[in-house]
Amino acid sequence: DLLFRHKAVHRSLLLSGKNNKDGFHQQLVPKEVIADHSLKNTEMAWRVVSRRSSHQGRRLSTLRESEAPPRESRVQQLAQYASIELQPKCVEQFLETTDAWIPDERLHARRTVFVNMLAGEASHFRDVGRSVALLSERGHHPIPTVPANVFSSESEAAATLKFLADSGAREAFIVAGKDRGPSSSSSSTGLTASALASVAAHHFERLAFPAFPEGGTPEGVEALERKLLDHQHRPCSVVTQWSADTRRTSHWLEDFLATHRGHKVYVGVAGPAPRPKLQSFSERTHVTLKPPRGTDLDLFHAPTDAVLALANDIDALNVSPKQVHLHLFSLKVARTLAFIHRLAAGTHANKGNLIP
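Counting with the working numbering, you get residues 20 to 375 for the letters of the sequence shown.
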């Protein structure tokens, strides 16, 4: 009961699941899918199709036909500790929705919420700061996104960072700046991300940095390593960009945790959304999106396969969901929260229509 797709998708996936010799990636096949995406009276049956890894010997996110899907409790843990990314204008809707129709306290108490910044000017931080304060007052853990290139000096950055910390943020997500590609570690104008991180270290308990499983470059990897090394004496987090190919994320996660076991990792996944909105989001974030398999297919995106792949990765790597988090880029707030709720309820639970 986790997939928001048309009945045509059900037929297509059943057909594709008959033959896995070409390395089909893991699919979750619903026994019944409601065409209007309401999830009403839906029951799910999982069919796992094995996926061949491009890296010989790797087991991550790969299930043989004889193996079971990830434990239901692991998926529920991912939902319990899942973080969400919101625009400032969506924060009030997030708070109202969680209070109105999510009864489980575990799902909205102390939720980690990344507040992003889309406007390319420092004045936008007023809205970010207000959102941080609202979330903090309600017991959530807000993490403001702070782009380096909007600041012309370290003193200007310090004043804004102090404002965000005073608003209730204990952690900041340090990025290079708006519309910088995956390989970017600095901006053509303004501060570099490394310089901003040095200033932010005086105001926050923890710093977060971006990573790019898809489209990353050796220079970008080196830049992340330098930041983690520069701040090795304080807790740090890493937030990955989302990828339409779960294998890329799986391989990146395995490689990263091999040498950075102590860092918290937020694995980015695009939240539920209509296909056109997902397409627009992929273009803005420089992520390659596979074309739909037919005119009537994939009209609605639900990240069920990505969540199950992450659950398998956590089991294979023997790490805690408190260290490796599901991080949802919320394209539709209510649908994202409904998706989290359904995950937490268990794959076979029937809670009716949770989407307003």
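We put the CB at the ideal spot given by N, CA and C, even for glycine.
On a predicted model such as this, the values are computed, not experimentally measured, just so you know.
When every heavy atom of the ligand ATP is checked, does at least one fall within less than 6 Å of the C-beta of His159? This structure lacks the ligand ATP, and indeed carries no ligand of any kind.
For Gly234, which three-state DSSP category applies? coil
Which stretch, first to last residue, makes up the alpha helix (DSSP H) that contains Thr265? 265–278
Judging by CA-CA distance, which residue of Leu345, Asp185, Leu97 is the nearest neighbour of Glu380? One cannot answer for residue 380 here, as it falls past the ends of the chain, which runs 20 to 375.
Where Thr323 falls: helix, strand or coil (DSSP): helix
DSSP state of Leu347 mapped onto helix, strand, coil: strand
Per DSSP, what kind of secondary structure is Ala363 in: helix, strand or coil? helix
Can you find the residues in the same chain that come closer than 6 Å, C-beta to C-beta, to Leu362, ignoring five residues on each side of it along the sequence? Val94, Ala98
State whether the segment 240–250 contacts the segment 293–309, with contact taken as three or more CB pairs (one from each stretch) at a distance under 8 Å. no
Looking at Phe170 and Leu210, is the spacing between their C-beta atoms short of 7 Å? yes
Which of the three DSSP states, helix, strand or coil, is assigned to Arg130? coil
Round the Cβ separation of Pro163 and Val194 to the nearest angstrom and send it over; I've been treating them as touching at under 8 Å. Contact flag wrong, Cβ pair sits at about 11 Å.
Please report the distance separating the alpha-carbon of Arg294 from that of Ser262. 15 Å
For Phe228, write down the residues that DSSP places opposite it in a beta bridge. Val257
Alpha-carbon spacing of Leu297 relative to Ser92, whole angstroms: 29 Å
Three-way DSSP call (helix, strand, coil) for Pro340 in this model: coil
Taking the runs of the beta strand (DSSP E) that are 3 residues or longer, which of them lie wholly in the segment 144–180? 160–166
Would Gly281 and Phe348 be called neighbours here (beta carbons separated by less than 7 Å)? no
Could you give the distance in angstroms between the alpha-carbon of Leu276 and the alpha-carbon of Gly365? 28 Å
Helix or strand or just coil, what does DSSP make of Pro291? coil
Tell me which residues share the same chain as Thr268 and place their Cβ nearer than 7 Å to its Cβ, disregarding the 5 neighbours each side in the sequence. Pro232, Thr259, Ser262, Val286
Check this for me: beta carbons of Val343 and Ile359, under 7 Å apart or not? no
Specify, as a first and last residue, the run of the beta strand (DSSP E) that Leu105 falls within. 102–105
Assuming Val165 and Ala230 are in contact, meaning their beta carbons sit under 8 Å apart, how far apart are those beta carbons, in whole angstroms? Actually they are not in contact, since the Cβ atoms of Val165 and Ala230 sit about 17 Å apart, beyond 8 Å.
Report buried or exposed for Ser57, applying the criterion of at least 16 other Cβ atoms within 10 angstroms of its Cβ. Residue placement at Ser57 is flagged as unreliable, the pLDDT there being 33, under the threshold of 50; the coordinate-derived value follows with that caveat. Per the 10 Å Cβ criterion, exposed.
In terms of residue numbering, what span does the beta strand (DSSP E) encompassing Ala191 cover? 190–194
Measure the alpha-carbon distance for Ser213 versus Leu226 and round it to whole angstroms. 11 Å
So who's on the other strand from Lys296, going by DSSP bridges? Bridge partners of Lys296: none, in fact.
Would you grab the beta carbon distance between His159 and Arg189 for me? Rounded to a whole angstrom, and I think it's under 8 Å. That pair is no contact at about 11 Å.
Residues in its own chain within less than 8 Å of Arg253 by CB, not counting five upstream and five downstream? Ala220, Glu224, Arg225, Leu226
Quick one: give me the first and last residue of the alpha helix (DSSP H) that Val218 is part of. 212–219
Can you tell me the Cα-Cα spacing of Leu114 and Glu175, whole angstroms? 31 Å
Classification of Gln251 by the beta-carbon crowding that lies within 10 angstroms, buried from 16 upward: exposed
Alpha carbon of Gly148 to alpha carbon of His279, nearest angstrom: 31 Å
CA nearest to the CA of Asn331, picked from Thr355, Phe319, Leu272, Val352: Leu272
When Leu215, Ala167, Gly187, His222 are compared against Gly196, the one with the closest alpha-carbon: Ala167
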